[in-house]
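In short: position in the sequence shown from 1, add 9, done, that's our numbering.
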Amino acid sequence: MRRPEIRTPLPGPKAAALIEQDAQYVSPSYTRVYPLVAEKGEGLWIRDPDGNTFLDLTAGIAVCTTGHCHPRVVEAIKHQAGQLLHMSGTDFYYTAQIRLARRLAELAPGAEPHKVFFGNSGAEAVEAAFKLARWHTRRDLNIAFFGAFHGRTMGALSLTASKVVQKRHYSPLISGITHVPFPSCYRCAHGMCADRCGTECVQWIEDVLFRTCVPPEEVAAVFVEPIQGEGGYIVPPPRFLAALRALTAKYGIFLVADEVQSGMGRTGKMFAVEHFGVVPDVLAIAKGVASGMPLGAMVAKADLMDWEAGSHASTFGGNPVSCAAALATIDLLEETLMANAAARGEQFMEGLHALQQSNECIGDVRGKGLMIGIEIVKNRETKERAPDWRNAIVQAAFAKGLLLLGCGENTIRISPALTISAEEVDTSLTILEEVLRSMTG
Ligand SMILES: Cc1ncc(COP(=O)(O)O)c(C=O)c1O
């Protein structure tokens, strides 16, 4: 079994020197939770400048779907770079953007034709959805969920309700957005559990919100992460999205599925909405779509994408090299990686549920495919959140060469490349078990 190799104190001398320079020149707004300097990546493995190797369960925040530097993605990038680096798809035509648009349009759930707008990031995909919904419906208001993360540009930030630090000092943001509770079966605001859930969260929107303060005929869109990501990797109850679909359809409101984190095969299906049998009006896609090259896409039903020429565009959006990387990524996802995500996800869940048996601090294990959250609590009965323990686990795992990230207040996220092998899952579980044992004595 290959294990991470940690040869120096962390950070090692070369990494420490780079981090010192970083502190001098790079924005202090970034949130580095431990001192990893990534120098080379291959598959699931990262090497730092001091020769330490790490097993990466973050995939660069759920981005490197095909593993670090997959040879076929690298080859596609090299080939495209030799043909055309940039021409701006907003003003000209080129093959890679057209081919990718067709591919994404065909992948979008639902039988209707779709069209694609390209940007460079998740936030831009969300911004595009925000603007299209207003343009098409001529309505001002929007609804999003508490815990949601939709990005950091002013429009996407206005929809975000994940951590207050992300919004502090940035007001006034875009007005007319109402946040409502996202259903968490582990912590249901209505005192339900998944089996008894009557989608009270959705009913509440209609019965309370729409009757008291938000006229439904003025709502342009509801933005939802089909599985909430930064908010804590929260899987909603099975009927939630279908109920939301029915509600939005009833009032002519766009249902925008933000699949920036949950999409592109991560959950074992191309898009997480497919687990729930729901067809949204718009999909926001980014992160995993191009294996690490910057790309965002807003995919909408063709009859809804009726805005006029000049109403929205982006110089770099749909860059040919990013599009080539995305086409290679989608091939790999369809050939084997989506199926691998489903299989390795089950293996992970089984191992984590076994760990939960012997570790009181694991309150909840949830997820689909390789989008898995482990919620850390002080007490299983009271479900008191344990952010300090969660942070300590992430740090201790780093010291052993296992790269994890948190999400939500007290959850550990598992979001590795979809290329992860059965052996790499076992190694991860073994290290996690060692970390938990060392912490509980
Ligand atoms: C669900 C979701 N939407 C949007 C974004 C924003 O993406 P980006 O950071 O590429 O702008 C993120 C990023 O974490 C995300 O998880």
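Don't be surprised by glycine CBs; every beta carbon is placed ideally from N, CA and C. Keep in mind it's a predicted model, so treat the numbers as computed, not measured.
Residue 13 versus residue 77 - alpha carbon distance: 16 angstroms
Proximity winner among 109, 392 and 208, relative to residue 195 (alpha-carbon distances): 392
Any 3 or more C-beta pairs closer than 8 angstroms across the region 17 to 37 and the region 379 to 398: no
Of the listed residues 153, 64 and 360, nearest to residue 184 (C-alpha basis): 153
Cutoff 8 angstroms; reference residue 442; Cβ partners in own chain excluding five residues on either side: Cβ neighbours of residue 442 beyond the five flanking positions: 364.
Euclidean distance between Cα positions of residue 369 and residue 11: 29 angstroms
Ligand 1 heavy atom lying under 8 angstroms from the CB of residue 175: no
Opposing strand residues paired with residue 411 [DSSP bridges]: 64
Counted within 10 angstroms of its Cβ, other Cβ atoms place residue 51 as buried (16 or more) or exposed: exposed
Classification of residue 163 by the beta-carbon crowding that lies within 10 angstroms, buried from 16 upward: exposed
C-alpha gap between residue 193 and residue 375, whole angstroms: So the two alpha carbons sit approximately 11 angstroms from each other.
Unbroken alpha helix (DSSP H) run spanning residue 216, endpoints: That residue, residue 216, is in no alpha helix (DSSP H); it is neither H nor E in DSSP.
Simplified DSSP state of residue 369, which is helix, strand or coil: coil
Those residues which DSSP pairs with residue 353 across a bridge: In the DSSP output, where bridge partners are listed per residue, residue 353 has none listed.
Collapsed DSSP secondary structure at residue 54 in the structure displayed: strand
Burial state of residue 318, where buried means 16 or more other Cβ atoms lie within 10 Å: Residue 318 comes out exposed.
CB of residue 272 within 9 angstroms of CB of residue 279, strictly: With contacts defined by Cβ atoms closer than 9 angstroms, residue 272 and residue 279 form a contacting pair.
Anticipated Cβ contact below 8 angstroms, residue 329 with residue 94, distance rounded: That pair is a contact at about 7 angstroms.
Buried or exposed (CB count within 10 angstroms, at least 16 for buried), residue 84: exposed
Cβ neighbours of residue 5 in the same chain (closer than 6 angstroms, five flanking residues each side left out): Outside the displayed range of the chain (10 to 450) lies residue 5, so it cannot be described from this structure.
C-beta atoms of residue 315 and residue 178 nearer than 9 angstroms: Taking a C-beta distance under 9 angstroms as the contact criterion, residue 315 and residue 178 do not qualify as a contact pair.
Closer than 8 angstroms: residue 130 CB and nearest ligand 1 heavy atom: yes
Per DSSP, cross-strand counterpart(s) of residue 292: 266 and 308
Residue 226: first and last residue of the uninterrupted alpha helix (DSSP H) it sits in: Counting along the chain, residue 226 falls outside any alpha helix (DSSP H), and DSSP gives it neither H nor E.
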